[in-house]
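The working numbering puts the sequence shown at residues 16 to 389.
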Amino acid sequence: MQKVTEFFWFCSGANAGILRRTPTESNKYVGIGATVFFTGVLAALAAGYALYTIFDQLFPAIIFGLLWGLVIFNLDRFIVSSMRKKENAWAEWKLAIPRLVLAVLLAFVISKPLELKMFEKEINRELDRKKTEFIAESKANLAQGFPEIQELEEDILALNAEVDEAEAFRDKLQREYDAERFGEKTTETSGIVGLGTNAKKKEEQLDAAQKALDDLKVRNQARVDTLEKQIRDFIALRQLEFEKQQPGIDGFDGLAARIDALSKLTEESSAMALANIFIILLFIAIETSPIFVKLISSRGPYDELLELREDKVKLFKDERWTKAKGESEARVGYFQDTHFYATDLDKEKTNRKNKAKTYSEIDEIEEKWGRKQF
Numbered sequence: 016m017q018k019v020t021e022f023f024w025f026c027s028g029a030n031a032g033i034l035r036r037t038p039t040e041s042n043k044y045v046g047i048g049a050t051v052f053f054t055g056v057l058a059a060l061a062a063g064y065a066l067y068t069i070f071d072q073l074f075p076a077i078i079f080g081l082l083w084g085l086v087i088f089n090l091d092r093f094i095v096s097s098m099r100k101k102e103n104a105w106a107e108w109k110l111a112i113p114r115l116v117l118a119v120l121l122a123f124v125i126s127k128p129l130e131l132k133m134f135e136k137e138i139n140r141e142l143d144r145k146k147t148e149f150i151a152e153s154k155a156n157l158a159q160g161f162p163e164i165q166e167l168e169e170d171i172l173a174l175n176a177e178v179d180e181a182e183a184f185r186d187k188l189q190r191e192y193d194a195e196r197f198g199e200k201t202t203e204t205s206g207i208v209g210l211g212t213n214a215k216k217k218e219e220q221l222d223a224a225q226k227a228l229d230d231l232k233v234r235n236q237a238r239v240d241t242l243e244k245q246i247r248d249f250i251a252l253r254q255l256e257f258e259k260q261q262p263g264i265d266g267f268d269g270l271a272a273r274i275d276a277l278s279k280l281t282e283e284s285s286a287m288a289l290a291n292i293f294i295i296l297l298f299i300a301i302e303t304s305p306i307f308v309k310l311i312s313s314r315g316p317y318d319e320l321l322e323l324r325e326d327k328v329k330l331f332k333d334e335r336w337t338k339a340k341g342e343s344e345a346r347v348g349y350f351q352d353t354h355f356y357a358t359d360l361d362k363e364k365t366n367r368k369n370k371a372k373t374y375s376e377i378d379e380i381e382e383k384w385g386r387k388q389f
């Protein structure tokens, strides 16, 4: 149990040595550390799910999920451990505002993948609907891209219509022939029963129409077979193009697609929108709770001892600085009293030597000029 307590102390960023001296503060920092730890766990789960959605592979999702969870854990631990209880409450809140903003941003980042997992079934239905729309749209676009198929189908319809027209004409002659044989009086028959002259003419017309129909069927069927083969070829090309687009449609299951689907679902359903808001607020509360615990809790023995230790460090630093500054000033004074005096003395001697040498050279030059003139 003590190991668990010390682990949560570590998660809270507290000094374990000071906490051992202040047992009344232990539970507070255990609670803060547990909140920080489980926030990191939730972040790891959320990132793992999001990355599994992206890569569709378990091992990379686990590795990167753990890495992201450690990053969030470290940030939360830093946010909490960097806060100090001061005498001035307003100063504490002023310093906590940037940390609260960062905590809220982290809450949004952590909550989004978990929202996607909670509404996974609804999102899957929305994605299936979108895929169906994409398939229909793709087929419509491909149909427009292959107008030859429609033209060939129209040609087949025209050939079949021609055959139907010939059959209708043959059927009409068949009815007239039957009426002529059985003596039915119409505008096209004589009304005489039996196979008379009119009946034979009707029979000849019927045979000619039947022969023309048979020839037309054979001729048109050959043409229809050719057209249907061309249609099948074009359909095969269209199917090949559709199969090229099919992976993109089937792969419409990424993180961005799911976020977009969730956004549309929340727009259409007020219940889902309300649930989504509550989930975000829950994660904001979890993420900001350690900060608020630090802010609203009173200044305790741990804070006093921690400030005392920090003040001792500052005092020790001031002492070392004062000592180092005094030693430096003493060395500078000694250097000025010895080295600079000797330097000035040497400089004066050098100037005198240079001055005497200059005068000697001038005298030599004047003596030479004097000799040349005489």
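From the three backbone atoms N, C-alpha and C, an ideal C-beta is built for every residue, glycine too.
Just so we're clear, the structure is a prediction, and the values are computed from it rather than from any experiment.
In this structure, the beta-carbon distance from L320 to I33 falls below 7 Å. Within the same chain, Cβ atoms closer than 6 Å to the Cβ of G55 are found at G84, I87 and F88, the five residues on either side in sequence being excluded. A distance below 8 Å between beta-carbons, with the five flanking residues on each side excluded, links A118 to the following residues of its chain, in chain order: D91, I94, I299, E302, T303 and I306. Between R190 and Q225, the C-beta spacing is not below 7 Å. For D318, the closest of S284, K259, N30 and T20 by C-alpha to C-alpha distance is N30.
Of L330, E342 and E163, the smallest CA-CA separation from R253 is found for E163.
In summary, N291 is buried, with 16 or more beta-carbon neighbours lying within 10 Å of its beta-carbon over all protein chains present. Per DSSP, M98 lies in no alpha helix (DSSP H) and is assigned neither H nor E.
Taking 7 Å as the cut-off, the beta carbon of E168 is found no closer than this to the beta carbon of L280. Less than 7 Å divides the Cβ of V45 from the Cβ of T20. Counting of Cβ neighbours within 10 angstroms places T337 among the exposed residues, the total staying below 16. The C-alpha of A122 lies about 19 Å from the C-alpha of R273. When Cβ pairs closer than 8 Å are counted between the two stretches, the region 147 to 154 is seen not to touch the region 320 to 333, the count staying below three. With contacts defined by Cβ atoms closer than 7 Å, V308 and I47 form a contacting pair. For F134, the three-state secondary structure derived from DSSP is coil.
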